Amino acid sequence: MTAVLELRDIKVWFGGVKAVDGVSLALEPGHLHALVGPNGSGKTTVVNTMSRLVTPTAGQVFLDGQDVTAAGPHEVYRRGLARTFQGIRLVEGLTVRENVLLGVQELPAARSRAGRRRAAEAADEALERMDVHHLAQVAPAALPYGVQRRVEIARAVAGAPKILLLDEPVAGMSAGERQEISAVLGRLRDDGMTMLLIEHDLRFVLGLSDHLFVLNFGQLLAAGDPAATAALPAVQEAFLGRKHVPA
Amino acid sequence: MIDWFSGNEGYIQGALVAALLAASVQVALRAGVLSFASVGFYGVGAYGTGYLTATQGWGTAPAAAVVVIITVFLSWLLALVLARLRALYLAMATIAFVLLVQIGALAWDSVTGGPLGLFGIPPALGTGGVAVILAGVLAVNALTQRGAVGRRLLLLRKDEALASALGVNVRRQHQIAFVWSAVLGSLAGISQASLLTVFTPENLGFSVMVSALTALVVGGTWHWSGPLIGGVVFSWFLSAYLGFASDYRGVVEGALTVVVLVFLPKGLAGLSELLDPRRLRRAAGTPTGGPGGVSAGVPGGVSTGPDRPVPAPEMGVSS
Amino acid sequence: MTQQLVNAIALGSIYTLFSLGLTLSWGILNVLNLAHGAIFTAGTMFAFLLTEHAAGLPFAVVLAAALVGSALLAVLMEAVAFAPIRARSGNALDAEMRTLIASVAVASIIVTVVGIQSDHQPYALPQSLLERHRYDVLGVHVSNVQILVLVAAIVLSALLVLFVRRSRYGRAMRAVAFDRTAAGMVGISARTLQLAAMALSGALAGVAGVLLAVYLGAADAHMGDSFLLKAFAIIILAGVGSLEGAVFFAYALALVETLVGYYLGGDVRDALAFVLIVVILVLRPQGLAARQGWQRA
Ligand SMILES: Nc1ncnc2c1ncn2[C@@H]1O[C@H](COP(=O)(O)OP(=O)(O)O)[C@@H](O)[C@H]1O
Ligand SMILES: [Mg+2]
Numbered sequence: 001m002t003a004v005l006e007l008r009d010i011k012v013w014f015g016g017v018k019a020v021d022g023v024s025l026a027l028e029p030g031h032l033h034a035l036v037g038p039n040g041s042g043k044t045t046v047v048n049t050m051s052r053l054v055t056p057t058a059g060q061v062f063l064d065g066q067d068v069t070a071a072g073p074h075e076v077y078r079r080g081l082a083r084t085f086q087g088i089r090l091v092e093g094l095t096v097r098e099n100v101l102l103g104v105q106e107l108p109a110a111r112s113r114a115g116r117r118r119a120a121e122a123a124d125e126a127l128e129r130m131d132v133h134h135l136a137q138v139a140p141a142a143l144p145y146g147v148q149r150r151v152e153i154a155r156a157v158a159g160a161p162k163i164l165l166l167d168e169p170v171a172g173m174s175a176g177e178r179q180e181i182s183a184v185l186g187r188l189r190d191d192g193m194t195m196l197l198i199e200h201d202l203r204f205v206l207g208l209s210d211h212l213f214v215l216n217f218g219q220l221l222a223a224g225d226p227a228a229t230a231a232l233p234a235v236q237e238a239f240l241g242r243k244h245v246p247a
Numbered sequence: 248m249i250d251w252f253s254g255n256e257g258y259i260q261g262a263l264v265a266a267l268l269a270a271s272v273q274v275a276l277r278a279g280v281l282s283f284a285s286v287g288f289y290g291v292g293a294y295g296t297g298y299l300t301a302t303q304g305w306g307t308a309p310a311a312a313v314v315v316i317i318t319v320f321l322s323w324l325l326a327l328v329l330a331r332l333r334a335l336y337l338a339m340a341t342i343a344f345v346l347l348v349q350i351g352a353l354a355w356d357s358v359t360g361g362p363l364g365l366f367g368i369p370p371a372l373g374t375g376g377v378a379v380i381l382a383g384v385l386a387v388n389a390l391t392q393r394g395a396v397g398r399r400l401l402l403l404r405k406d407e408a409l410a411s412a413l414g415v416n417v418r419r420q421h422q423i424a425f426v427w428s429a430v431l432g433s434l435a436g437i438s439q440a441s442l443l444t445v446f447t448p449e450n451l452g453f454s455v456m457v458s459a460l461t462a463l464v465v466g467g468t469w470h471w472s473g474p475l476i477g478g479v480v481f482s483w484f485l486s487a488y489l490g491f492a493s494d495y496r497g498v499v500e501g502a503l504t505v506v507v508l509v510f511l512p513k514g515l516a517g518l519s520e521l522l523d524p525r526r527l528r529r530a531a532g533t534p535t536g537g538p539g540g541v542s543a544g545v546p547g548g549v550s551t552g553p554d555r556p557v558p559a560p561e562m563g564v565s566s
Numbered sequence: 567m568t569q570q571l572v573n574a575i576a577l578g579s580i581y582t583l584f585s586l587g588l589t590l591s592w593g594i595l596n597v598l599n600l601a602h603g604a605i606f607t608a609g610t611m612f613a614f615l616l617t618e619h620a621a622g623l624p625f626a627v628v629l630a631a632a633l634v635g636s637a638l639l640a641v642l643m644e645a646v647a648f649a650p651i652r653a654r655s656g657n658a659l660d661a662e663m664r665t666l667i668a669s670v671a672v673a674s675i676i677v678t679v680v681g682i683q684s685d686h687q688p689y690a691l692p693q694s695l696l697e698r699h700r701y702d703v704l705g706v707h708v709s710n711v712q713i714l715v716l717v718a719a720i721v722l723s724a725l726l727v728l729f730v731r732r733s734r735y736g737r738a739m740r741a742v743a744f745d746r747t748a749a750g751m752v753g754i755s756a757r758t759l760q761l762a763a764m765a766l767s768g769a770l771a772g773v774a775g776v777l778l779a780v781y782l783g784a785a786d787a788h789m790g791d792s793f794l795l796k797a798f799a800i801i802i803l804a805g806v807g808s809l810e811g812a813v814f815f816a817y818a819l820a821l822v823e824t825l826v827g828y829y830l831g832g833d834v835r836d837a838l839a840f841v842l843i844v845v846i847l848v849l850r851p852q853g854l855a856a857r858q859g860w861q862r863a
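Protein chains in written order, with this note's numbering: chain L, 1 to 247; chain F, 248 to 566; chain V, 567 to 863.
What follows is the structure, encoded as C-alpha cells:
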C-alpha cells in the first residue's frame, strides 16, 4: 500500500535553529494520524513542509508517490493536500459561505461554468457537513472560536482533498468545543479521509487516532500504535518531564 | 450645458487622467502589491505616444497600441526582476523606478526632447475618448471586485500564506496585478499626452505619485469607484471651485489625505456604506478598532458581492 | 583628486546622519517614512527662520533649536498620522501601505509650506552664523565646516550606537525590531518607544539638514528629495535597522559617487543610487526580505 504523503529525512534549519532534524514518516490512506510533541518541537514546521510553505534544508516530500519537494503550496493544494493553521485564518470582509468558497474556487475543476456551479454546491455541502450552513451569510469574526474552526475545516474539506492536515485545531478551546471538533474529525475519518492531526496534548489524540507520531526537539521520538507509543517511558518523560504521570 | 462643459473641460480632463492614474495604483494595491511603478509607466505611455506621433508621424491609435504592448512587455520583465521583493522593499524599488523614468526623460534627448519635452502631440483622443477608456477600465475593475476574482483579491491582500495554501498562485497573481497596473498607468500617460499635446519631465515624478495616491485614498482605496470619486474631487472640484491650483494645494492635498487615512479608511466611497442600515447594525454588534480588529479599519470591507456579511445571531460563547 | 576625497567625507557624513534616522524609523516602526527628506528640509527652515528673527544667536543654539524643532515635527507626525493609522489597520501590509501614503502626504505639506516660506527660492543661512576658515593640510584644502560635519557625524552616530546598545530604551528598540510584541518585556511601552524612535529620527534629520545648508551655503524646499533615494540605497546595502552598516555604507556611497562623478560624469553619479537599489534588491532579495509571512503559520 503506498503512502498518501511521505517525508524522507526532512531537515528544516532556520539559521542555527534545527526546527526539524531528520524526520521520516508516511501517512496511510484512510487513517487518522496524530503528531504530538511539546511546544516548539517542530510540529508546525512539519506541516508547513508538507504543505510546501516551508522549503526543507534537506530531504524530500512525496505526495501520492510523486516528489513535490520543489512544488509550490498552491500546486500541492490543487493536487489534494489541504490544511488548517494553528491560529484561525478566516478572511474578514467575506461571509462564512464566501470563506468556504475560497476552498474550491482555485481548483482546476472550478474553471468552467459548470465546474463553478459544482464547486459552489460542494461548498454548500461542506457547510452542511460541518453544521454551519445556517450561518452561511454571517460575518465569521462574530462567531465563537469553535464555530470559526468548523468553518475553517469546512473550507479545507470542501474541495474533497486526499489528505487533510490540521495544526492544533483544538488548542485554546473549551471542553465542549473540543468535543465538537473531535466528533467532526471522527466523522471525517469514517468518510475515509486521510488526516494528520497536530496536537500538543497527548491525551486528546489517544482515543481518536489510529497512528501516533511523537516529535521532540525536531526528531521523531516514537511512532506506532497510539496507546502503546504513549506508554513508552521516553514519551512520558518528553511530555511530563520529571512530574508524575497522572492517573 | 455646452457652455458649462467648455468652461470646465480642462478640469474634467484633469479628473479623468487623475482617475486613471489612481486606478492604476489601486489595482496593484488591491492584490496586495505595494507598487507605485505604474506612475513610471505613466511616463512610458506619455513619452512613447508623444514620440511615435509627434516625432515619427504615426497615427494615435497604432502608437497607443504599440505603447501598450511595450508596457506589457517591460512591466512583465520588471515584475520578474522584482518578483521576490515584498512590502516596503517593493515600494522602495518601484519609487526608485518612478524617479529613474524621470531621470531618463531628462537625459534621453533624442526621444524625449530632454528638459523641453515633446510638443505637437496630436489631440486625437479628446475628452470623450479618455472618458471611454476610463469607463472601460472602471467596468473591468468593478467586475473583478465581485465573485471569485474579487474574493481571490481580498484573500491575496489579507493573507498571502493562506492564499497559497488554498491554491492561489501568489506570484503569478502578483505579476498579473503588476502588469495590469502598468497598463493602466500607461493608458493614463497616453491620455495625458494626447489631451495636453505637450509632455515634459515636469509632468512626471514624485508629485504625480502624490496626486495619484491622494485621489485614490480620498476617493476610496478598496472600491472600484474610489479613483473616479477621488479624481473628480481633486482635479475638478478643488481646482475649479476653490481655485487654489497654486500655492496651498500641496497643503490641502496632504492634510486631506491624512485626515481621510485616519478617519475614513474606506475613503469617500465608504460613506455610502455608513448610510446603509444593515452596515450600521453590524457596526453596532461587533467590536471595532485595534490591530486585527473587526470592522473599523479593515480594508476591503466594501461588499464584494450580493451576500454581504450580516450580524451573527446571538450565540452563547461557551467557555 | 585628494580634494575630492575630502569632499566625499563631508558628503558621507551628511548621508550618515540622514540614513541613521531613516533606518531607525524603518527598523522600529516598520514605516517607510518618505517624509524624512521633508523633515530634513524643515530643519534648515527652522534654522533659517531663527537666524532671520533673532540674528546673532550662536551656531550651537541654532543647531539645537533645529534639532528640537525637527524632532517635534517627527513626533507630531507619528502621533497625529502614523499611530492612529497603525491602530486602525487590518494587517501589516495594510498598515505599511497606509503609513507610507501618509508620509507622502505629510512630505507634501512640509515641502509646500517651506516652498511658500522661501518664495520657492533657495535660501541661505547668514555667513556670520559660522565664520569659515580654510586650512591647508598637506596641500589639501580643508574647511572648518567640513571638520564640523565630520565630527558631528562621528559623535552623533557613536552616541546613537551606544544608546541603542547600552540603554534600556535601546535594548527595547532592538527587541521590538526583532519582535513587535517584545517591548513590554523590558518594561517600556511600545508607544513610548515608537515616539522616542521618531524623535531621534527627526532630530538626526534636522541636524543633517542644517549641516548641509551650512556646508553648501544654501537650501531649498526640495533638497531632501535626492537624499531620500541615497538613504534607501544605503539602508538596503546595510540591512534595515543596522546602524553600524548605515554609517559604513554612507561613507562608501559618498566615496563611490565622488569617484564615479570624477571619472564618468554627473549623470552617471546621479543615477548610481537608483541603480544600486534595484541591483541589490534583485541580487540579494533573500538576505533583505528577511521577515517571511510564513512565520505566523
Ligand atoms: N520561520 C522561522 N524562523 C526561525 N525559527 C523558526 C521559524 N519557524 C519556527 N521556528 C523555530 O523552530 C522551532 C519549532 O517551531 P514550530 O514548528 O512552530 O514548533 P511547534 O509547532 O511544535 O510548537 C521553534 O524553536 C521555533 O522558534
Ligand atoms: Mg505549532
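A virtual CB, placed ideally from N, CA and C, is assigned to each residue, including glycine. Just so you know, these numbers come straight off a predicted model, no measurement behind them.
Since Ala440(F) contacts Ala293(F) with CB under 8 Å, what's their CB separation in whole angstroms?
-> Between Ala293(F) and Ala440(F) the Cβ distance is about 4 Å, and since that is below 8 Å, they are a contact.
Which bits of chain V does Phe461(F) rub up against, with CB to CB less than 9 Å?
-> The sequence given here has Thr at residue 461(F), not Phe. Here the neighbours are Ile667, Val670, Ala671 and Ser674.
Could you pull out every residue in the same chain whose Cβ sits closer than 8 Å to the Cβ of Leu716(V), ignoring the five residues on either side in sequence?
-> Answer for Leu716(V): Ile575, Ala576 and Ser579, listed in chain order.
Mark Thr2(L) as exposed unless 16 or more other C-beta atoms lie within 10 angstroms of its C-beta, in which case mark it buried.
-> Exposed is the label assigned to Thr2(L), since fewer than 16 other Cβ atoms lie within 10 Å of its Cβ.
Residue-level contact to chain L via CB, Asn416(F), 8 Å cutoff = Chain L contact via Cβ: present.
Where Ile720(V) falls, given that 16 or more other Cβ within 10 Å makes a residue buried | Under this definition Ile720(V) is an exposed residue.
Using a cut-off of 8 Å between C-beta atoms, extract the partners of Asn710(V) located in chain F.
-> Under a criterion of Cβ atoms nearer than 8 Å, no residue of chain F is adjacent to Asn710(V); the nearest Cβ is some 34 Å distant.
Comparing the C-beta of Glu98(L) with each C-beta of chain F, is any distance below 8 Å?
-> By this cut-off, Glu98(L) is an interface position.
Thr45(L): first and last residue of the uninterrupted alpha helix (DSSP H) it sits in = Per DSSP, the continuous alpha helix (DSSP H) segment holding Thr45(L) begins and ends at Lys43 to Met50.
Which chain V residues sit within Cβ distance under 7 Å of Glu449(F)?
-> Taking a Cβ-Cβ threshold of 7 Å, none of the residues of chain V is close to Glu449(F); the smallest such distance is about 13 Å.
Roughly how many angstroms separate the alpha carbons of Arg117(L) and Gly103(L), rounded to a whole number?
-> Spanning the two alpha carbons is a distance of roughly 14 Å.
Residue environment, Gln569(V), which counts as buried when at least 16 other CB atoms sit within 10 Å = Gln569(V) should be labelled exposed.
Give a yes or no on whether the minimum CB-CB distance between Ala408(F) and chain L is below 8 Å.
-> Yes - at least one Cβ of chain L is within 8 Å of the one on Ala408(F).
Closer than 9 Å by beta-carbon distance: list the chain L residues that pair up with Arg398(F), in chain order.
-> Those within 9 Å of Arg398(F) in chain L are Val91, Leu94, Glu98, Asn99, Leu101, Leu102 and Gln105.
Glu407(F), buried or exposed, once every other Cβ within 10 Å from all chains shown has been counted against 16 = With 16 or more Cβ atoms within 10 Å of its Cβ, Glu407(F) is classed as buried.
Cutoff 8 Å: Tyr298(F) Cβ touching any chain V Cβ = No - not a single Cβ of chain V is within 8 Å of the one on Tyr298(F).
Please determine, among Val670(V), Thr589(V) and Gly681(V), the residue with the shortest C-alpha to C-alpha distance to Tyr495(F).
-> Nearest of Val670(V), Thr589(V) and Gly681(V) to Tyr495(F), Cα basis: Gly681(V).
Can you grab the Cα-Cα spacing for the pair Ala738(V) / Val646(V), in whole Å?
-> Straight-line measurement puts the Cα of Val646(V) at about 23 Å from the Cα of Ala738(V).
May I ask you to verify whether the region 248-258 of chain F touches the region 457-466 of chain F, counting CB pairs closer than 8 Å and requiring at least 3?
-> No: the two stretches stay apart, fewer than three of their Cβ pairs being nearer than 8 Å.
Phe283(F) (DSSP reduced to helix, strand or coil) = In the structure shown, Phe283(F) sits in coil (DSSP, three-state: anything other than H, G, I, E or B).
For Thr84(L), verify whether its CB is less than 7 Å away from any heavy atom of ligand 4.
-> As far as ligands go, the structure on display features ligand 1 and ligand 2 and does not contain ligand 4.
Report the option in Val358(F), Leu381(F) and Ala395(F) whose CA atom is closest to the CA atom of Ala269(F).
-> Taking only the C-alpha atoms, the option nearest Ala269(F) is Leu381(F).
May I ask whether a heavy atom of ligand 2 can be found less than 7 Å away from the beta carbon of Thr610(V)?
-> The beta carbon of Thr610(V) sits no closer than 7 Å to any heavy atom of ligand 2.
Name, please, each residue of chain L whose Cβ falls closer than 7 Å to the Cβ of Leu402(F).
-> The answer, in chain order, is Val91 and Leu102.
Quick one: does His133(L) have its CB under 8 Å from some CB of chain F?
-> The Cβ of His133(L) sits no closer than 8 Å to any Cβ of chain F.
Which residues in the same chain as Leu736(V) place their Cβ atom closer than 6 Å to its Cβ, once the five residues preceding and following it in sequence are excluded?
-> Residue identity check: residue 736(V) is Gly in the sequence provided, not Leu. Taken in chain order, the residues that qualify are Phe729 and Val730.
Identity of the residues DSSP links to Asp702(V) by a beta bridge = Looking at the DSSP assignment, Asp702(V) forms a beta bridge with His707(V).
Do you know offhand how far Gly159(L)'s Cα is from Ala119(L)'s?
-> Computed Cα separation, rounded: 8 Å.
Beta strand (DSSP E) containing His686(V): first to last residue?
-> Boundaries for His686(V): no beta strand (DSSP E) harbours it, and the DSSP string shows neither H nor E there.
Classify His602(V) as helix, strand or coil using the three-state DSSP reduction.
-> Looking at His602(V) - three-state DSSP - the assignment turns out to be helix.
Local Cβ density within 10 Å of Thr758(V), reported as buried at 16 or more and exposed below that | Thr758(V) comes out exposed.
My guess is that Leu586(V) and Leu847(V) are in contact by the Cβ rule of under 8 Å, so how many angstroms apart are they, rounded?
-> In this structure Leu586(V) is not in contact with Leu847(V), their Cβ atoms being roughly 21 Å apart against a cut-off of 8 Å.
Counting along the chain, where does the alpha helix (DSSP H) carrying Gln760(V) start and finish?
-> Element bounds for Gln760(V): Ala756 to Leu782.
Report whether the distance from the Cβ of Glu152(L) to the nearest heavy atom of ligand 2 is below 7 Å.
-> Glu152(L) Cβ: outside cutoff for every heavy atom of ligand 2.
Does any CB atom of chain V fall closer than 8 Å to the CB of Ala352(F)?
-> Taking Cβ atoms only, chain V never reaches closer than 8 Å to Ala352(F), which makes this a no.
Could you work out which residues of chain V lie near Phe453(F), taking near to mean beta carbons separated by less than 7 Å?
-> Going along chain V in sequence order, the residues near Phe453(F) (Cβ under 7 Å) are Asp791.
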